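For what it's worth, full-length UniProt numbering labels the leading residue of the sequence shown as 1, then goes sequentially.
All C-beta atoms in this analysis are idealised placements derived from N, C-alpha and C, irrespective of residue type, glycine included.
Just so we're clear, the structure is a prediction, and the values are computed from it rather than from any experiment.
Below: one structure, written as structure tokens.
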Amino acid sequence: MQHKEDSDINETNDNQSYQEFTQFDEILSYIGFKKYQIYVFIIVGLIGMCDGGETQAISIVFPILEKEWNVSDSQKSLLGSLIYIGYFIGSLFSGVFADNYGRRSSLLWSSGIMFMCAIIGAFMPNFISYMIFRILLVTCVGFIIPVSFSMLAENTPLKSRGIVLVTIGFFYTAGELTVCLLTYIFMPNLVSGNWRAVLCWASAPALLTLLISNFLLLESPRYHLIKGNVSEASKVINKIFRLNNKVPVLIPINTYQNISQDLIKQEKEEQGLQEDLKDKSFLMSYFIQFKKLLKNQFVRITLIVWYQWFVNTFVYAGVTFLLPLTLQKLNPDEPQQDDIEDLTVITLSCLGEIPVIFVAMIIVNIRIFGRKNSLFLSYFGVGLVGLLIAFIAKGGYFFASMIFFLKMFISFSFTVSYQFVSELYPTYMRASGLGFASSVGRLGSIIMPWIVVYINDIGTFLSYGIFGVIAILASIATLLLPFDTYLRELDKIVTKQ
């Protein structure tokens, strides 16, 4: 038996070819987008379903909770604010944790806690205990999203990265639609039925994420390289070769060392940072990573990205939150539709976001558009539609069609933003860059209710005008970004402007 194993090893070594690489993206391009990359794609997709599904579930069960537990308006407002604060806190610490302790462990812990909080929260006997576990759940969701996008970007070849990262947006919509389907199955209407079953089954993507990640997910080899773990990076690459049923090429250890040294050197040269993060406490690492995002050539990128994400969440959450209030003011004497029709409208609104994903898949990979110009056009579209609503709309079909386009454009900007930020920052600060951007974005959704409710009392369509103005500013800011990431290597040095 031992002789056979030795023979297999010799045969494998004989089949290996020598290959020299100078960039890690060259290694990924040689590996291609195959079985292991599909595993990572599915895992990140399931996480997207968690995000969309849990967001939808929270809003759908509100009417029945209000009936069963006599939930007051102030309690609903409190939960809404705390939900977004939970998202904010989770995304705030995700990047620093993942950059210090790894992507894989971050995904495992957060997906496991998500599943437990979802199941326990579904069986809570009162609103307060339910609220506590839902806040813990969305905190984990806010934590896991930036980490998952970093993992996907760091395992996807350059030529496939644009389409792959944009396609993930489909899973968010799939999560929303899944919860709508569960509601159809377990609840005859929005104020009666087995809402606990809806919440339990909605947690299935979190459980699948935990199981698949535990058995199939490897640590990001690029993360190992930026941490100087050259031997571990080599082992992971060889495992990926085997998982993809591809004969490994013989990559000399000094090739990994050179790539690792280049990444580490780039970190120190670009940031002027000589501290070794591995020797710092978690909070100290957090502040160091924060300082890195605002140093040298990254300060312009970071400030623009933060504003973009603030606009994304403020407008998207604002339209979702404000639309029922607007319709109520437009038709104060018209009786509300029954619950089944309301659920149908919710489902159709989710379906309306699907074309955005396919359009984004095509446009971001056309050189004349790329990521940067695509974002510019989407923000400009949001701005134009928002201003048209503010100055022209009076209700009816025109208002309904403008809302459709408003959600389409802001959904497009959300989809492209995740991909763009995943590629803007080098490896050593990618997860932190995504985490901080997501956190700043969540601030938009936290303060949004207090602003739009007040302005809605002043003018029915005035809030949409505000959406338009801040989106126009975002389109201008996008043009000020120093480069596009179309076909750009992830760790290409950012030249000082």
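Between the CA atoms of residue j and residue i - distance to the nearest angstrom
i, j, result
"Ile458", "Ser445", "21 Å"
"Pro205", "Phe290", "32 Å"
"Leu79", "Met49", "22 Å"
"Leu388", "Gly465", "8 Å"
"Glu26", "Phe461", "51 Å"
"Ala322", "Ile251", "First, the residue type needs correcting, since residue 322 is Leu and not Ala in the sequence shown. Their Cα atoms are separated by approximately 56 Å."
"Ser374", "Ile304", "15 Å"
"Glu219", "Leu263", "17 Å"
"residue 498", "Arg196", "Lying before the first or after the last residue shown, residue 498 is absent from the chain, which here runs from 1 to 497."
"Phe298", "Phe186", "49 Å"
"Leu158", "Pro426", "14 Å"
"Leu65", "Ser111", "26 Å"
"Thr12", "Val247", "Confidence in Thr12 is poor, its pLDDT being 42 and thus under 50, which makes the residue's placement too unreliable to answer from."
"Gly121", "Val138", "12 Å"
"Ser378", "Asn238", "41 Å"
"Ile9", "Asn229", "The predicted position of Ile9 is uncertain, since its pLDDT is 35 and thus under 50; no value can be drawn from it."
"Arg103", "Asp51", "18 Å"
"Val44", "Asn244", "19 Å"
"Arg242", "Ser77", "52 Å"
"Tyr30", "Val236", "15 Å"
"Tyr36", "Glu423", "21 Å"
"Ser413", "Leu181", "27 Å"
"Phe358", "Tyr418", "15 Å"
"Phe404", "Phe24", "42 Å"
Residue environment, residue i, which counts as buried when at least 16 other CB atoms sit within 10 Å
i, result
"Ala474", "buried"
"Leu351", "exposed"
"Pro221", "buried"
"Ser74", "exposed"
"Ser129", "exposed"
"Asp338", "With a pLDDT of 42 at Asp338, under the threshold of 50, the modelled position of this residue cannot be trusted, and the question is left open."
"Arg134", "buried"
"Ile493", "Because Ile493 carries a pLDDT of 44, less than 50, the predicted location of this residue cannot be relied on, and no value is offered for it."
"Ser260", "buried"
"Asn214", "exposed"
"Pro355", "exposed"
"Met1", "Here Met1 scores only 43 on pLDDT, less than 50, and its place in the model is too uncertain to base an answer on."
"Phe67", "Reading off the sequence shown, one finds Lys at residue 67, where the question assumed Phe. It counts as exposed."
"Tyr307", "buried"
"Glu20", "exposed"
"Leu480", "exposed"
"Tyr454", "exposed"
"Lys265", "exposed"
"Lys407", "buried"
In DSSP terms, what residue i is bridged to
i, result
"Asn189", "Ser192"
"Leu243", "Per DSSP, none; premise fails for Leu243."
"Leu136", "Leu136 is not bridged to any residue."
Under 8 Å between C-beta atoms of residue i and residue j
i, j, result
"Ser160", "Phe33", "yes"
"Phe41", "Val141", "no"
"residue 544", "Leu434", "Nothing about residue 544 can be read from this structure; the chain reaches only from 1 to 497."
"Ala118", "Ser203", "yes"
"Gly468", "Gly383", "yes"
"Leu216", "Tyr39", "yes"
"Ile472", "Phe314", "no"
"Ile145", "Ile47", "yes"
"Gly90", "Phe127", "no"
"Leu293", "Phe436", "yes"
"Met361", "Val166", "yes"
"Pro482", "Arg371", "no"
"Val191", "Ile60", "no"
Practice item. Taking 8 Å as the threshold, find out whether the region 164-174 comes into contact with the region 80-88 through three or more Cβ pairs. Key: These segments do not touch.
Exercise for review: State whether the region 394-409 contacts the region 449-457, with contact taken as three or more CB pairs (one from each stretch) at a distance under 8 Å.
Suggested key: Touching, no.
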